[in-house]
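Peer 1: In the numbering used here, the protein residues as written are 415 to 504.
1. Write down the C-beta distance between residue 471 and residue 490 rounded to the nearest angstrom, noting that I regard them as a contact closer than 8 Å.
2. From the DSSP output, in three-state form, read off residue 454 for me.
3. Would you kindly report the start and end of the unbroken alpha helix (DSSP H) that includes residue 479?
4. Could you tell me whether the region 436 to 456 touches the region 491 to 503, where touching means 3 or more Cβ pairs closer than 8 Å?
5. How should residue 486 be labelled, buried or exposed, when 16 other C-beta atoms within 10 angstroms of its C-beta is the threshold for buried?
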């Protein structure tokens, strides 16, 4: 019974971490979209980060891990959105 509860707690912690790290990009995306400025966004950092998230997504697909796939697909979409605005609002 304790192992069952621990597994559910592990899943809860993992899901919460995925939601928070993904949601962390929403304020930057909103601010950049609203202000139409991306001066404070590092092109190099977001380029490298976006490539890394794409690889995490691929990894999730390869190991068939839906929590990894979903979290990184959403994060990739937000990161690409911010990166696209950085390039557009130069």
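The beta carbon of each residue, even a glycine, is placed where N, CA and C say it ideally should be.
Peer 2: Taking the coordinates as given:
1. Taking the first residue of the chain shown as position 1, residue 471 is located at position 57. Taking the first residue of the chain shown as position 1, residue 490 is located at position 76. Contact holds; Cβ gap of about 6 Å.
2. Walking along the chain shown from the start, residue 454 turns up at place 40. Of the three classes helix, strand and coil, the one that applies to residue 454 here is coil, per DSSP.
3. The residue you call residue 479 lines up with position 65 of the chain shown. Here residue 479 belongs to no alpha helix (DSSP H), and DSSP marks it neither H nor E.
4. Put simply, the region 436 to 456 touches the region 491 to 503. At least three CB pairs are less than 8 Å apart.
5. Translated into the one-based positions of the chain shown, residue 486 becomes position 72. By the 10 Å Cβ count, residue 486 comes out buried.
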